[in-house]
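Residues in the sequence shown are numbered consecutively from 1, following the UniProt record's numbering.
All residues carry an ideal CB built from backbone N, CA and C; glycine is no exception.
Right, one structure below, let's go through it.
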Amino acid sequence: MPEARVLGIEGTAWNFSAAVFDEDLVCLESSPYVPPHGGIHPREAAQHHAAVAADVIGKVLEKAGPEIDAVAFSIGPGLGPSLRTAATAARSLALKFGVPLIGVNHCVAHVEIGRWYTKFADPIVLYASGANTQVLGFLNGRYRIFGETLDIGLGNALDKFARSHDLPHPGGPIIEEMAKKGSYLPLPYTVKGMDLAFSGLMSAAKEATARGESMEDVCCGFQETAFAMCVEVTERALAHTGKDEVILVGGVGANSRLQEMLKIMCEERGARFMAPPRVYMGDNGAMIAYTGKIMLEAGSTIAVADSMVNPGFRSDQVEVTWRSDAGKLFAPGQSETAERGAEAAVDLTGVDAVKTRLPKGYRVPKLDAALITERTRAEARCIAAARRGGVPVPVIRDVTERTIVMEKLHGDVLKYVISDAYAYAAGVTVGKLHKTGIVHGDLTTSNMIWQNGRVYLIDFGLAQMADEIEPRGVDLHVLFQTLESTTASPASLKQAFCDGYRSAFAGADAVIEREVEIELRGRYL
Ligand SMILES: C[C@@H](O)[C@H](NC(=O)OP(=O)(O)OC[C@H]1O[C@@H](n2cnc3c(N)ncnc32)[C@H](O)[C@@H]1O)C(=O)O
Ligand SMILES: [Fe+2]
Numbered sequence: 001m002p003e004a005r006v007l008g009i010e011g012t013a014w015n016f017s018a019a020v021f022d023e024d025l026v027c028l029e030s031s032p033y034v035p036p037h038g039g040i041h042p043r044e045a046a047q048h049h050a051a052v053a054a055d056v057i058g059k060v061l062e063k064a065g066p067e068i069d070a071v072a073f074s075i076g077p078g079l080g081p082s083l084r085t086a087a088t089a090a091r092s093l094a095l096k097f098g099v100p101l102i103g104v105n106h107c108v109a110h111v112e113i114g115r116w117y118t119k120f121a122d123p124i125v126l127y128a129s130g131a132n133t134q135v136l137g138f139l140n141g142r143y144r145i146f147g148e149t150l151d152i153g154l155g156n157a158l159d160k161f162a163r164s165h166d167l168p169h170p171g172g173p174i175i176e177e178m179a180k181k182g183s184y185l186p187l188p189y190t191v192k193g194m195d196l197a198f199s200g201l202m203s204a205a206k207e208a209t210a211r212g213e214s215m216e217d218v219c220c221g222f223q224e225t226a227f228a229m230c231v232e233v234t235e236r237a238l239a240h241t242g243k244d245e246v247i248l249v250g251g252v253g254a255n256s257r258l259q260e261m262l263k264i265m266c267e268e269r270g271a272r273f274m275a276p277p278r279v280y281m282g283d284n285g286a287m288i289a290y291t292g293k294i295m296l297e298a299g300s301t302i303a304v305a306d307s308m309v310n311p312g313f314r315s316d317q318v319e320v321t322w323r324s325d326a327g328k329l330f331a332p333g334q335s336e337t338a339e340r341g342a343e344a345a346v347d348l349t350g351v352d353a354v355k356t357r358l359p360k361g362y363r364v365p366k367l368d369a370a371l372i373t374e375r376t377r378a379e380a381r382c383i384a385a386a387r388r389g390g391v392p393v394p395v396i397r398d399v400t401e402r403t404i405v406m407e408k409l410h411g412d413v414l415k416y417v418i419s420d421a422y423a424y425a426a427g428v429t430v431g432k433l434h435k436t437g438i439v440h441g442d443l444t445t446s447n448m449i450w451q452n453g454r455v456y457l458i459d460f461g462l463a464q465m466a467d468e469i470e471p472r473g474v475d476l477h478v479l480f481q482t483l484e485s486t487t488a489s490p491a492s493l494k495q496a497f498c499d500g501y502r503s504a505f506a507g508a509d510a511v512i513e514r515e516v517e518i519e520l521r522g523r524y525l
């Protein structure tokens, strides 16, 4: 039987694009909307799409011929008016050809075209586009979000910064060129556990040029900072899941410095890295046609009556019917005497645990040195303070510039043994920590150890002294995301954790409430 031929239509934001895919890409046509000034205006983008749709689709069908087995379109996320225009075109074509309609999640399509091109079966995905920035990995039927931006997408941050200097849209590629001529200027680096934030960085970049720093240096500093943040979170996801492949997708993925940094990170930890070529990076019809094809083969079609667009459609809401594997998690490969996390190597061969922060070749040396010293110091300080507050943590024996010598723990890492009882105990420990005025900054189940009837906390590299609700809420949010992405029963584990947390900390309710708010904030639009 010949392979199904699917027509795909993309029109979520700046590009109206159509393609036909069967065993390979048959043809691809695009008509980008370039705003005359300022950023993308949703209604104008939709008018552009409506004006070019017939021509773009006409060209594709002329090349591919009229034999089409299904019509796929981006059903969300994206800008409402643009989504609706593309959806209308897709519906009428499906009815005209008398073929099934397929509603494709745009983010998942970025991932799938990357997997198709690279042939990587089960990668960690850095998806960096205008509106989204997410680190994704597949597990039990869904693409789980290990980390994402808590405010704006990386591309939007670059575009807005460029626009504030009267540079045309899109700013990303222009900043890339300017950055090549500049040297690194330190700007605020924000990683919260597995999550990222870019708006503070963007404001600081604007302030830097306002006080007279050169545009080239600020662009370089902006890129080095933002990309290092993304690569760090990608590496954390690799370390946490044990997966060993990385792909880069989304419009910002076209940036050669970002590609280079991911490549270095992967080489340093023995993972494989690939990025698809530019044509498949930014929004394009091919990714919709291809994802439509594998969805069609899995029977995931929709009735025209159910094909309403969803501007807030999240990648982790998609039921991935077309993958039969479960996705790899916690692969072995790490020795029992030396754990290699994302940031540091821990030598467990001696009486004590010796944790040494590793230089990262993907970061400019100045940023690398600053992060290593800052985190080593913060870690030692916070562990000592936690211990004084009665929180179960290892005893510190010695600290140097990049090394901490501490008591060796012998228990089980919670990610391997998590249960409601352990989650409750974790809640008690985190409650005590927050009560002491410390937030951990990277509360994953990899950093919790069950020993002597209590949950010990390790890895305080992102910890800080803080007693506000917000950073405490982010702490819980990081943990809950980990439970969502790595366990089968996150709801009851979360409940048990909250019960323990409340029992140890009087301010618990406000923090739990804030966590819910933070979760909603991370959503698109
Ligand atoms: C929902 C959908 O509409 C949205 N799509 C989107 O944002 O378009 P995409 O083509 O994936 O990415 C566009 C972004 O990619 C940036 N970009 C393109 N080339 C770049 C480069 N060489 N360096 C940095 N950024 C670049 C642009 O500045 C722009 O912000 C998304 O995927 O979030
Ligand atoms: Fe996109």
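Quiz item: For Val246 versus Leu126, is the C-beta distance shorter than 8 angstroms?
Solution: yes
Quiz item: Looking at the structure shown, is Thr85 part of a helix, part of a strand, or coil, going by DSSP?
Solution: Thr85: helix per DSSP, three-state reduction.
Quiz item: Quick one: what does DSSP say Trp322 is sitting in, helix, strand or coil?
Solution: coil
Exercise. Please confirm whether Val89 and Ala53 have their CB atoms less than 8 angstroms apart.
Key: It is worth fixing the name first, because residue 89 is Ala in this sequence and not Val. In this structure, Ala53 lies closer than 8 angstroms to Ala89 by Cβ.
Quiz item: Can Met448 and Val455 be called in contact, C-beta distance under 8 angstroms?
Solution: yes
Practice problem: Compute the beta-carbon to beta-carbon distance between Lys432 and Ala504, rounded to the nearest angstrom, for a pair I have assumed lies under 8 angstroms. | Solution: Indeed they touch by this definition, with Cβ atoms about 5 angstroms apart.
Exercise. Determine, using beta carbons only, whether Leu238 and Leu248 come nearer to each other than 8 angstroms.
Key: Annotated as distal: Leu238 and Leu248, with beta-carbon spacing of 8 angstroms or more.
Quiz item: Just the residues with CB closer than 5 angstroms to a heavy atom of ligand 2, in chain order, which are they?
Solution: Any residue whose Cβ sits closer than 5 angstroms to a heavy atom of ligand 2 makes the list: Ser129, Asp283.
Practice problem: Would you mind sorting Val395 into buried or exposed? The rule is 16 or more other CB atoms within 10 Å of its CB. | Solution: exposed
Quiz item: Could you check where the beta strand (DSSP E) with Phe146 kicks off and where it finishes?
Solution: Looking at the DSSP string, the run of the beta strand (DSSP E) that includes Phe146 is 142-148.
Exercise. Verify the contact flag: Pro168, CB atom, against every heavy atom of ligand 4, threshold strictly below 7 angstroms.
Key: Of the ligands one can find in the structure shown, namely ligand 1 and ligand 2, none is ligand 4.
Self-check item: When Ile383, Gln259, Ser82, Ala19 are compared against His48, the one with the closest alpha-carbon
Solution: Ser82
Quiz item: So which of Glu484, Arg257, Phe16 has the shortest CA-CA distance to Val364?
Solution: Looking at the Cα atoms, Arg257 is the closest of the given residues.
Quiz item: In this structure, does DSSP put Thr487 in helix, strand or coil?
Solution: coil
Quiz item: Using a threshold of 7 angstroms, is the CB atom of Pro36 nearer than that to any non-hydrogen atom of ligand 1?
Solution: No, the Cβ of Pro36 stays beyond 7 angstroms of every heavy atom of ligand 1.
Quiz item: In the DSSP assignment, what residue or residues form a beta bridge with Thr133?
Solution: For Thr133, which the question treats as bridged, DSSP gives the partners Ala128.
Quiz prompt | Where Val439 falls: helix, strand or coil (DSSP) | solution = Look at Val439 here: in three-state DSSP terms it is strand.
Quiz item: In whole angstroms, what is the alpha-carbon distance linking Asn255 and Met295?
Solution: 30 angstroms
Exercise. Report the partner residues of Arg472 according to the DSSP bridge assignment.
Key: Paired residue(s): none; Arg472 is not in a bridge.
Quiz item: If we call anything under 8 angstroms between Cβ atoms a contact, is Phe497 one with Tyr416?
Solution: no
Quiz item: Any chance the stretch 175-192 sits against the stretch 365-377, with 3 or more Cβ pairs inside 8 angstroms?
Solution: yes
Self-check item: Simplified DSSP state of Thr356, which is helix, strand or coil
Solution: strand
Quiz item: Okay, do the stretch 477-494 and the stretch 138-154 touch, 3+ Cβ pairs below 8 angstroms being the bar?
Solution: yes
Self-check item: Nonlocal neighbours in the same chain, by C-beta distance under 7 angstroms from Tyr361, ignoring five residues either side
Solution: Looking at the sequence shown, residue 361 is not Tyr but Gly. Hits under 7 angstroms: Ile264, Glu268.
Quiz item: So who's on the other strand from Met287, going by DSSP bridges?
Solution: Met287 is not bridged to any residue.
Self-check item: Classification of Lys293 by the beta-carbon crowding that lies within 10 angstroms, buried from 16 upward
Solution: So Lys293 ends up on the buried side.
Exercise. Measure the CB-CB distance between Ala342 and Arg502 and report whether it falls below 8 angstroms.
Key: no
Quiz item: Would Val304 be called buried (16 or more neighbouring beta carbons within 10 Å of its own) or exposed?
Solution: exposed
Practice problem: Identify the continuous beta strand (DSSP E) that holds Val52 and give its terminal residues. | Solution: Careful: Val52 lies outside any beta strand (DSSP E), inside the alpha helix (DSSP H) at 42-64.
Self-check item: Sequence-distant residues of its chain with Cβ nearer than 8 angstroms to Ala510 (five each side left out)
Solution: Ile469
Quiz item: In the UniProt domain "RIO-type" (371-466), which residue ranges form an unbroken alpha helix (DSSP H) of at least 4 residues, counting only runs that do not cross its ends?
Solution: 414-417, 420-435
Exercise. Whole angstroms is fine: what's the gap from Ile75's alpha carbon to Gly65's?
Key: 25 angstroms
Self-check item: Cβ neighbours of Ala275 in the same chain (closer than 7 angstroms, five flanking residues each side left out)
Solution: Ile247, Leu248, Gly253, Gln259
Practice problem: Have a look at Lys96 and Asp69 and give me their C-alpha separation to the nearest angstrom. | Solution: 12 angstroms
Quiz item: Quick one: Cα of Asn452 to Cα of Pro392, how far?
Solution: 10 angstroms
Exercise. Check each candidate in Gly200, Gly38, Val111 and name the one with the smallest Cα separation from His169.
Key: Gly38
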